[in-house]
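Mind the numbering: the sequence shown is residues 1 to 787 in this note's numbering, read in order.
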Amino acid sequence: MRALDRKLLRDLATLKGQVAAIAVVIAAGVMTLIIAVTTLDALSLTQERFYEDHHFADVFADLKRAPDSLAERLREIPGVNVAETRVQAAVRLEVPDFDDPVRGLLLSIPDGRQPLLNQLYLREGRLPDSGRSDQVAVSDAFAEAHGLRAGDPLHAIIHGRLTTLRVSGIVLSPEFVYQIAPTDLLPDYERYGILWMNRRALAGAYGMDGAFNNVVMTLQAGASEAAVIEQLDRILARYGGIGAHGRDDQPSHRFLHEELRQLRAQAAILPTIFLLVSAFLLNVVMGRIIRSQREQVAVLKAFGYRNRDIAFHYGMLTGLIVLVGCVLGVGLGLWAGTGLAAIYTEYFRFPELRFRLQGWVLLLAVAVAFGAALLGTLRSVWRAVSLPPAEAMRPEPPARFRKGWIERAVPDRWLDQGARIVLRNIGRHPVKAGLSVLGIAMSVGLLVMGAYQLNAVDHMLDTQYRLVLRMDVHLTFTDPTPARVHGELRHQPGVLAVETYRSVPVRLLAGHRDYRTAILGLDEEPQLRQLLDGRQRPQRLPPEGLLLTDYLADDLGLQVGDPVRVEIQEGHRRTVSVPLTGVVDEPLGVSAYMRRDAVNRLMREGPAVSGAWLLVDPARETELFDSLWEIPGVAAIGQISQAERNIREYMGDTILMFALVFVLLAGSIAFAVVYNNARIAFAERARELATLQVLGYSRAEVSAILVGEILALTVVALPVGWLIGTGFAWALNQAFSMDMFRVPLVLTPAAYGFATAAVLAASAVAAVFVVRRLHRLDKVSVLKAVE
1 MRALDRKLLR
11 DLATLKGQVA
21 AIAVVIAAGV
31 MTLIIAVTTL
41 DALSLTQERF
51 YEDHHFADVF
61 ADLKRAPDSL
71 AERLREIPGV
81 NVAETRVQAA
91 VRLEVPDFDD
101 PVRGLLLSIP
111 DGRQPLLNQL
121 YLREGRLPDS
131 GRSDQVAVSD
141 AFAEAHGLRA
151 GDPLHAIIHG
161 RLTTLRVSGI
171 VLSPEFVYQI
181 APTDLLPDYE
191 RYGILWMNRR
201 ALAGAYGMDG
211 AFNNVVMTLQ
221 AGASEAAVIE
231 QLDRILARYG
241 GIGAHGRDDQ
251 PSHRFLHEEL
261 RQLRAQAAIL
271 PTIFLLVSAF
281 LLNVVMGRII
291 RSQREQVAVL
301 KAFGYRNRDI
311 AFHYGMLTGL
321 IVLVGCVLGV
331 GLGLWAGTGL
341 AAIYTEYFRF
351 PELRFRLQGW
361 VLLLAVAVAF
371 GAALLGTLRS
381 VWRAVSLPPA
391 EAMRPEPPAR
401 FRKGWIERAV
411 PDRWLDQGAR
421 IVLRNIGRHP
431 VKAGLSVLGI
441 AMSVGLLVMG
451 AYQLNAVDHM
461 LDTQYRLVLR
471 MDVHLTFTDP
481 TPARVHGELR
491 HQPGVLAVET
501 YRSVPVRLLA
511 GHRDYRTAIL
521 GLDEEPQLRQ
531 LLDGRQRPQR
541 LPPEGLLLTD
551 YLADDLGLQV
561 GDPVRVEIQE
571 GHRRTVSVPL
581 TGVVDEPLGV
591 SAYMRRDAVN
601 RLMREGPAVS
611 GAWLLVDPAR
621 ETELFDSLWE
631 IPGVAAIGQI
641 SQAERNIREY
651 MGDTILMFAL
661 VFVLLAGSIA
671 FAVVYNNARI
681 AFAERARELA
691 TLQVLGYSRA
701 EVSAILVGEI
711 LALTVVALPV
721 GWLIGTGFAW
731 ALNQAFSMDM
741 FRVPLVLTPA
751 AYGFATAAVL
761 AASAVAAVFV
771 VRRLHRLDKV
781 SVLKAVE
């Protein structure tokens with residue numbers, strides 16, 4: 001074995017604690033990179049294959065009713081490749097031993113065969129047999145939630161009549177990868193299901209023989225989606241069309257797209273932060289190691305070792321540290337990624353979602369880790385190889401003594417001798433102290449960012465479900481209903497308060513930007529569905545004008561006072577200009593709001609409502625639901641408490657789980673940074689501390705000097721770390737904002753307190769380690785100088 005190889009092994013053994021600490025930081029970066037990139041790759045590839053293999057449509061349109069003869073005209077639209085008409089209907093389902101309201105969507109398929117578009121993947125059983133009117137294929141998620149198997153009975157209220165259906169098969173569809181009800185933000189598989197029935201049977205049950213109310217299309221290569229949608233809307237306008245849209249506005253695809261966008265942000269931001277910290281740590285550690293070994297470098301050069309031999313030696317030391325971190329990071333990434341894939345499988349229903357570590361991802365992670373290490377150590381290695389042997393043989397000259405600004409700023413009578421030594425050492429080496437402070441501050445910042453995610457999610461949900469949504473039950477009607485239904489609802493069993501609303505699908509346009517949403521027409525001062533301003537104060541709706549959620553206003557580039565073009569998608573389809581009179585601060589969803597009477601005027605209709613919100617007596621909920629279903633035209637009944645449970649479960653499974661892992665990693669990094677600083681400070685000052693003991697200082701006094709320096713640097717780093725953490729949290733907030741929810745930039749004292757306590761605890765543990773080493777210090781060997 002060569003001498004340099006033996007030296008490398010001895011250095012690794014001597015620095016094992018610091019090597020482990022730096023390896024943990026590198027492992028955190030590699031782990032987050034592998035999780036994000038591999039999950040992103042798995043979801044993207046699975047989505048692409050599922051869409052392609054099962055012919056997912058490009059354009060979707062709903063309408064009231066059109067004759068089948070219109071289908072040929074739709075197929076002749078320039079740019080259309082395949083057009084397929086369907087019948088769809090909302091349905092109420094009854095599941096044994098499940099008392100909550102269950103709703104579903106019935107979709108037609110050609111009798112006894114697969115549709116041309118949005119084809120079904122059979123998990124179990126078969127498609128409904130041709131000619132059978134009592135068979136349905138059921139979505140996999142709904143069947144799993146209720147334990148349904150092929151051949152089981154399922155009761156449904158179809159067009160007002162209780163019908164017993166038979167499950168022919170369990171299926172998946174590219175149209176419902178993310179299966180949510182029309183008014184929901186998250187899947188609720190127990191309370192919402194998709195059913196596919198033969199076209200003839202479904203059309204006959206709803207009086208749609210020879211007609212359709214839904215159409216899906218694929219486009220030819222190079223065709224303009226906007227041009228096709230424009231012509232499609234023009235044709236369907238007289239048949240009650242409510243606005244065609246592309247994949248970008250299809251609910252399932254839209255949510256999946258947003259999730260992929262978040263994963264891209266995670267893949268870019270989090271590993272970068274961790275690996276920058278590791279580069280910084282390697283720069284500090286390698287720089288101080290090389291300074292402490294300058295005499296050894298000189299001897300090696302004197303014995304004929306070339307600069308490239310020495311550079312390779314220190315490069316190998318760095319490379320082995322990075323290798324340990326990469327191995328650990330890959331192992332943790334595979335373990336955590338497999339668990340994350342299982343969670344995604346619960347929410348995104350694909351035939352198969354495999355979490356596989358592909359070779360290019362592994363190479364990317366290793367390359368990024370080694371790149372960060374090279375960035376951190378290049379300067380230190382260059383200093384080692386460029387040092388002339390004669391100069392390196394001599395110890396570094398002692399610093400010139402003078403009172404620094406710190407000592408001059410603090411009166412001598414306030415300090416004992418040990419405190420003056422601490423301040424003098426910090427003042428004499430401002431760059432070294434500054435780097436130590438920056439390293440600790442970055443670890444504080446990471447902890448602040450992790451705590452921010454945990455606290456902000458709770459704040460977001462508390463705001464939405466305590467201040468904004470104050471109702472218990474959400475009721476929707478199949479068609480606009482006269483406003484007098486308010487009185488009927490008020491007299492239902494257990495109802496304490498009622499507010500009705502009018503919902504109109506629209507496309508909002510501002511310049512070249514547009515967004516599809518719905519305008520909700522509310523009371524002037526809604527109490528059950530409040531509109532909050534930036535200070536979380538309830539707002540009143542003006543007689544005219546539009547309010548938008550702040551996220552939507554920013555997305556459209558609008559400010560209060562700007563005109564908004566509103567393209568109405570139902571009834572008298574027309575475009576009107578409405579002024580933006582205010583913005584609403586809401587963390588979930590995106591919406592537009594007006595006074596209900598203003599919406600009725602916009603629609604050129606009398607007082608009409610689309611649904612209602614109810615405040616109810618919890619003890620009478622079951623009785624109320626049974627009574628509400630008896631009201632003609634009720635399409636769906638939703639429970640706000642269940643929606644809150646669903647979203648909290650989703651947040652716990654995804655964002656909060658990731659935040660918890662992040663906090664654990666950040667805590668490990670905090671200890672690694674503080675421990676490295678303490679070990680390096682001890683190594684650099686071992687001779688000085690031994691001298692003080694020889695001069696009569698007790699172990700406790702010498703320990704106080706070393707611990708005092710660690711504590712002083714940590715205390716100075718805390719406020720800097722708070723600022724860095726605030727910046728990290730802001731960057732995360734900007735990257736992760738999406739249509740479904742926006743985690744607010746809320747940094748509570750608890751977040752800063754948690755980060756502070758964690759770093760102080762890490763400092764205390766690190767101090768215990770170095771004090772133990774100090775007590776075992778061999779003063780005789782340390783005081784021997786190489787002259």
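Glycine residues also receive a C-beta, built at the ideal position from the N, C-alpha and C atoms. What you are looking at is a predicted structure, and each value in this text was computed from that prediction instead of being measured.
Discussion item. Please list the terminal residues of the continuous alpha helix (DSSP H) segment that includes R75.
Written reply: L70 to R75
Discussion item. Considering only DSSP beta bridges, list what D617 is partnered with.
Written reply: Paired residues: none, contrary to the question.
Worksheet item: Would you call the CB atoms of S698 and L774 closer than 9 Å?
Response: no
Worksheet item: How do the stretch 199-211 and the stretch 177-185 stand: do at least 3 beta-carbon pairs fall below 8 Å, yes or no?
Response: no
Worksheet item: Are there 16 or more other CB atoms within 10 angstroms of the CB of F255, so buried, or fewer, so exposed?
Response: buried
Item to complete: Compute the distance between the beta-carbons of A750 and A451, then report whether it is under 9 Å.
Response: Between A750 and A451, the C-beta spacing is below 9 Å.
Worksheet entry | 7 Å CB neighbourhood of A83 in its chain, flanking five on each side removed | A71, L74, R75, V215 and M217
Worksheet item: Are the beta-carbon atoms belonging to I35 and V91 less than 9 Å from one another?
Response: no
Worksheet item: With a CB to CB cut of under 6 Å and the five nearest residues on each side skipped, what residues in its chain are close to Q231?
Response: Only residues of its own chain outside the window of five on either side were considered, and among them I77 have a CB closer than 6 Å to the CB of Q231, listed in chain order.
Fill in: Residues near G376 in its chain [Cβ-Cβ closer than 6 Å; skip 5 each side]
A279, L282 and N283
Item to complete: In the DSSP assignment, find the alpha helix (DSSP H) that holds P749 and state where it starts and stops.
Response: P749 to H775
Practice prompt. Find the nearest neighbour of A767 within the set G753, P744 and A681, judged by alpha-carbon distance.
Written response: A681
Item to complete: Please name the residue, chosen from G331, R424, V560 and L320, that lies closest to D533 on a Cα-to-Cα basis.
Response: V560
Worksheet item: What are the start and end residues of the beta strand (DSSP E) that includes R356?
Response: No beta strand (DSSP E) contains R356, which DSSP labels as neither H nor E.
Worksheet item: Which of helix, strand or coil does DSSP assign to P538?
Response: strand
Discussion item. Just to confirm the assignment: which complete alpha helix (DSSP H) runs, minimum length 4, are found wholly within the stretch 55-124?
Written reply: 70-75
Worksheet item: Between the beta-carbon of A89 and the beta-carbon of A205, is there less than 9 Å?
Response: yes
Worksheet item: So what does H135 bridge to, in DSSP terms?
Response: Reading off the sequence, residue 135 comes out as Gln, not His. Q135 pairs with R166.
Worksheet item: When you compare only the Cα positions, how much space is there between V720 and A757?
Response: 15 Å
Practice prompt. Assuming L747 and V616 form a contact by the criterion Cβ under 8 Å, report the distance between their Cβ atoms to the nearest whole angstrom.
Written response: With a Cβ gap of about 37 Å, L747 and V616 do not count as contacting.
Worksheet item: Which residues in the same chain have their Cβ closer than 6 Å to the Cβ of G571, if we skip the five residues on either side of it in sequence?
Response: M603
Worksheet item: Among all the DSSP beta bridges, which residues are the ones paired with M286?
Response: None; M286 has no bridge partner.
Worksheet entry | Beta-carbon contacts of E488 that lie in its chain and below 8 Å, excluding the five residues immediately before and after | The beta carbon of E488 sits closer than 8 Å to those of I631, all from its chain and outside the five residues before and after it, given in chain order.
Worksheet entry | I242 - DSSP class collapsed to helix/strand/coil | coil
Worksheet item: Can you tell me whether DSSP reads M217 as helix, strand or coil?
Response: strand
Worksheet item: Going by Cα to Cα distance, which pick from A510, A592 and V37 is closest to L531?
Response: A592
Fill in: Identified DSSP bridge partners for Q642
In DSSP, Q642 forms no bridge with anything.
Worksheet item: Would K16 be called buried (16 or more neighbouring beta carbons within 10 Å of its own) or exposed?
Response: exposed
Item to complete: Would you identify the three-state DSSP class for D653, choosing helix, strand or coil?
Response: DSSP places D653 in helix when its eight states are reduced to three.
Worksheet item: So, is W722 buried or exposed, given that buried needs 16 or more other C-beta atoms within 10 angstroms?
Response: buried
Worksheet item: Can you tell which of E623, H459, L438 and I269 has the C-alpha that lies nearest to the C-alpha of A735?
Response: I269
Worksheet item: Taking the runs of the beta strand (DSSP E) that are 3 residues or longer, which of them lie wholly in the stretch 512-570?
Response: 513-522, 546-549 and 563-568
Discussion item. Distance check for V361 and P251, CA to CA, integer angstroms please.
Written reply: 30 Å
Worksheet entry | Segment limits, beta strand (DSSP E) that includes A592 | A592 to R595
Fill in: Coarse secondary structure for Y206, derived from DSSP in three states
coil
Discussion item. Please report whether the beta-carbon of A553 lies at a distance below 9 Å from any beta-carbon of chain D.
Written reply: No chain D is part of this structure, which consists of one protein chain only.
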